[in-house]
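Protein sequence lines, in the order shown, are assigned to chains A and B. In this text, residue positions in the first sequence follow my numbering: the first is 5, and each later residue adds one. In this text, residue positions in the second sequence follow my numbering: the first is 921, and each later residue adds one. For every residue, glycine included, the Cβ atom is placed at its ideal position computed from N, Cα and C. Values in this document were obtained by computation on a predicted structure and should not be read as measured data. Notes to accompany the following structure.
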Amino acid sequence: MGKKRKMPGLNTSSTADISFMLLIFFLTTTSMDTDAGLARTLPKPPEENQENNEMKVKERNILNIRINKDNYLLIGNDYATPEDVKERAKEFIKNEKNDPNLPEVISKKIKYLGRNVPVTDNHVISVQTDRGTDYGVYIIVQDALIQAYNELRDEFAFAEWHHHIEFCTEEEKAALREIYPQKISEAEPKKYGQAL
Amino acid sequence: MPEMNTSSLPDLIFTILFFFMMVTSMREVTMMVKVQKPQASQIEKLARKSCTSFIYIGQPTDMLKSQYGSGTRIQLNDRYAEANEVYDFIMADRASMAESDKPFYTVSMKVDHHTPMGIITDVKQVLRKAYALKIVYSSDKKKQ
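Here it is in structure tokens:
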């Protein structure tokens, strides 16, 4: 046998091209959009022999928000614009002055704080839409309501622990949820005016 | 002049490739309806994409408009459907899911902001009947 020859290196100059093609393939077939949105929980379906629960809620505990097919808003008995929703909802949920027309204030023991806090535990905000209402307007109202709750929780957190809600621990957040429970009712559909 | 050493170029490209494979996900369906999502400020990120079903509602895309008209349509997977067909779609989707994922089952509604509420209410009633109670109104972050 002659002397050992050195094995020539494999030509790898095209590997870059191949991987480029793979890269472009993945870039075109995949999407980066992470989905985000307003999370809601629907009520359970009504059972056959279920009594109408809505009658049991006291008048003062309900805030009715109605949107008609022309996207006009009615909060309680007043005409309103979508910008008013947040302030009205905050006033309603908090009922600072114990107004007899706003939801009843109950003293509730919050375990985490170890003391009683006045809360409006029985309040319900009901959003009713017409079949012709724009979905965009509905979302604006829903967004404003969630914003109202979040701002109230944030105000409470700042008054109590002197820091904002984003720095709260999980226990603190749970306590806040107990003090201001989110009660937005997904009302049964009603047909007011002919649309669609 | 000596040639530049390009032996590490494939490694570099592979790294980029793996990065993209990780942060992206396969496109689920081809859109048959035009959806311009509404804007909201209080949005939450979807926790798990693997246990989510998507329902698209809007007008047919420009290409399909000549064929299907401009009425609002519901899209499930790759076809148009009626509101009552949502029930079977949800049941089939949930049945194919791992048992441990089922409590987190969420329905994401991607709805165009000009859709009348009637069709959405119909879909919501069907979702209630199917016990798919966790829903997300898909929206974009509002610019301040």
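- Within the stretch 128-151 of chain A, the residues whose Cβ lies closer than 8 Å to some Cβ of chain B are 133, 134, 135, 136, 137, 138, 139, 140, 142, 143, 144, 146, 147, 150 and 151, listed in chain order.
- Counting along the chain, residue 188 (chain A) sits inside no alpha helix (DSSP H); it lies in the beta strand (DSSP E) bounded by residues 188-190.
- Put simply, of B:1018, B:1024, B:1006 and B:1058 the residue whose alpha carbon is nearest the alpha carbon of residue 1045 (chain B) is B:1006.
- Scanning its chain for C-beta atoms nearer than 6 Å, with the 5 sequence neighbours on each side dropped, one finds around residue 89 (chain A) the residues 145 and 148, in chain order.
- Interface residue (Cβ-Cβ distance to chain B less than 8 Å): residue 24 (chain A) is classified as such.
- Between residue 140 (chain A) and residue 958 (chain B), the CB-CB gap stays under 8 Å.
- Among the bridge pairs identified by DSSP, residue 964 (chain B) is matched with A:41.
- Rounded to the nearest whole angstrom, the C-alpha separation of residue 65 (chain A) and residue 124 (chain A) is 8 Å.
- By the C-beta density criterion, residue 943 (chain B) is exposed, having fewer than 16 other C-beta atoms within 10 angstroms.
- Annotated as proximal: residue 978 (chain B) and residue 1031 (chain B), with beta-carbon spacing under 8 Å.
- C-alpha of residue 71 (chain A) to C-alpha of residue 81 (chain A): approximately 12 Å in a straight line.
- For residue 1005 (chain B), no chain A residue has a C-beta closer than 9 Å to its own C-beta; the minimum C-beta separation is roughly 18 Å.
- Excluding its 5 nearest sequence neighbours in each direction, residue 165 (chain A) has C-beta neighbours in its own chain below 8 Å: 172 and 176, listed in chain order.
- By the rule that beta-carbons nearer than 8 Å mark a contact, residue 1015 (chain B) does not touch chain A.
- Residue 938 (chain B) has its alpha-carbon roughly 30 Å from the corresponding atom of residue 12 (chain A).
- For the pair of segments examined, the stretch 9-23 of chain A was found to touch the stretch 926-941 of chain B: the number of CB pairs separated by less than 8 Å reaches three.
- When secondary structure is reduced to three states using DSSP, residue 75 (chain A) falls in the coil class, being assigned neither helix nor strand.
- Every unbroken stretch of the alpha helix (DSSP H) spanning 4 or more residues and falling wholly within the stretch 973-1005 of chain B is given here in chain order: 982-988.
- A distance below 8 Å separates the beta carbons of residue 1013 (chain B) and residue 973 (chain B).
- Taking residue 157 (chain A) as the centre and dropping the five residues before and after it, the same chain places the C-beta of 169, 180 and 184 closer than 6 Å to its C-beta, in chain order.
- Sixteen is the threshold: when 16 or more other Cβ atoms of the shown chains lie within 10 Å of the Cβ of residue 96 (chain A), as they do, the residue is buried.
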